[in-house]
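J.: In the working numbering, the protein residues as written are 554 to 711.
Glycine residues also receive a C-beta, built at the ideal position from the N, C-alpha and C atoms.
Quantities reported herein were computed from a predicted structural model and do not represent experimental measurements.
1. Below 9 Å between beta carbons: does that hold for residue 707 and residue 619?
2. Sort out for me which residues DSSP pairs residue 622 with in a bridge.
3. Could you check how far apart the C-beta atoms of residue 681 and residue 690 are, in whole angstroms? I think they sit under 8 Å.
4. By the 10 Å Cβ neighbour count, where 16 or more other Cβ atoms means buried, how is residue 667 classified, buried or exposed?
5. Would residue 636 be called buried (16 or more neighbouring beta carbons within 10 Å of its own) or exposed?
6. Along the chain, which unbroken stretches of the beta strand (DSSP E) at least 3 residues long are found entirely within the segment 627-659?
7. Within 10 angstroms of the Cβ of residue 633, are there 16 or more other Cβ atoms? Answer buried if so, exposed if not.
8. Can you name the residues that DSSP bridges to residue 687?
9. Looking only at its chain, what residues have a beta carbon closer than 6 Å to the beta carbon of residue 621, apart from the 5 residues adjacent to it on each side?
10. Would you check if the distance between the CB atom of residue 663 and the CB atom of residue 640 is smaller than 9 Å?
11. Determine the DSSP secondary structure at residue 693, reduced to helix, strand or coil.
12. Just the Cα atoms here: how many angstroms apart are residue 678 and residue 652?
See below:
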């Protein structure tokens, strides 16, 4: 049996769709909550979402907003995106890599990239910008790689 992880973007789009559905009313009603769930437990649900809704969600997924621009990532260095918990590096000109911004020592978020390393403020661990490997402990495991896509000058989380 194989397991397949759901991409983060799919989960976020689904959550956004669920939180905005039913937030307002265009029918002049009181804006109250309504449901299309079957009245009888176990009864089949006879409603189905419009086909356009799923295609617009797919279009949004393929047109994700860039995390940053290539010009914003210094050669030999990188940038920490704390909100996204990712650090993007450019070890050599034109080569971009991404790693988790969560330190493998005790789970702190790394806070800077300097002198060729990704640095954790909690206990002083340092990781190499080229491959996320440990340059200085106490961490013993490398930062896990993250998937990014570079398209033109845009860097997007995959």
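T.: So, from the data block:
1. yes
2. 707
3. Incorrect: roughly 13 Å between the Cβ atoms, too far for contact.
4. exposed
5. exposed
6. 630-634, 639-645 and 648-653
7. buried
8. 680
9. 708
10. yes
11. coil
12. 15 Å
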